[in-house]
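Everything on this sheet refers to the single structure shown next.
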Amino acid sequence: MVGTSYAKKIIKWILSLLLIIIVGITIITVYSAYYSFGTMIFGVHTESAIKDFWSTEFLLGAVYIIVVITIAVVTGVTRLYKKHLK
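The opening position of the sequence shown corresponds to residue 4 in this note's numbering, with each subsequent residue numbered one higher.
Below, the structure is given as structure tokens:
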């Protein structure tokens with residue numbers, strides 16, 4: 004039964020990580036949409052706003068996902084290593 008408990012911990016960890024990523028990407032999308040499409044009030048063309056939106060979304064989203072996953076993996080490995088030392 005130890006394997007089942009370990010599998011549940013892994014699944015819980017992955018689902019938590021996915022939830023954090025989804026919330027972060029949602030915030031990045033709102034931020035990007037606000038600053039990309041908000042400039043249309045001042046005369047920026049729709050094509051330019053859409054191009055700016057996707058550029059910002061890809062750049063910030065990719066960096067965010069890489070950083071979050073790196074932090075999660077490093078933290079997990081560190082905890083496993085400390086647990087193994089005891």
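Note that CB positions come from ideal geometry on N, CA and C, so glycine has one too.
Since Ala75 and Leu20 should fall inside the 8 angstroms C-beta cutoff, what is the C-beta to C-beta distance between them, to a whole number of angstroms? 5 angstroms
Quick one: Cα of Ala52 to Cα of Arg82, how far? Each residue's alpha carbon lies about 44 angstroms from the other.
How would you label Ser35, buried or exposed, when you count the other beta carbons within 10 angstroms and need 16 or more for buried? buried
Thinking C-beta only, is Thr32 closer than 8 angstroms to Glu50? Not in contact: Glu50 and Thr32 (Cβ atoms no closer than 8 angstroms).
Is it buried or exposed, Ser58, if we count other Cβ atoms within 10 angstroms and call 16 or more buried? Classification for Ser58: exposed.
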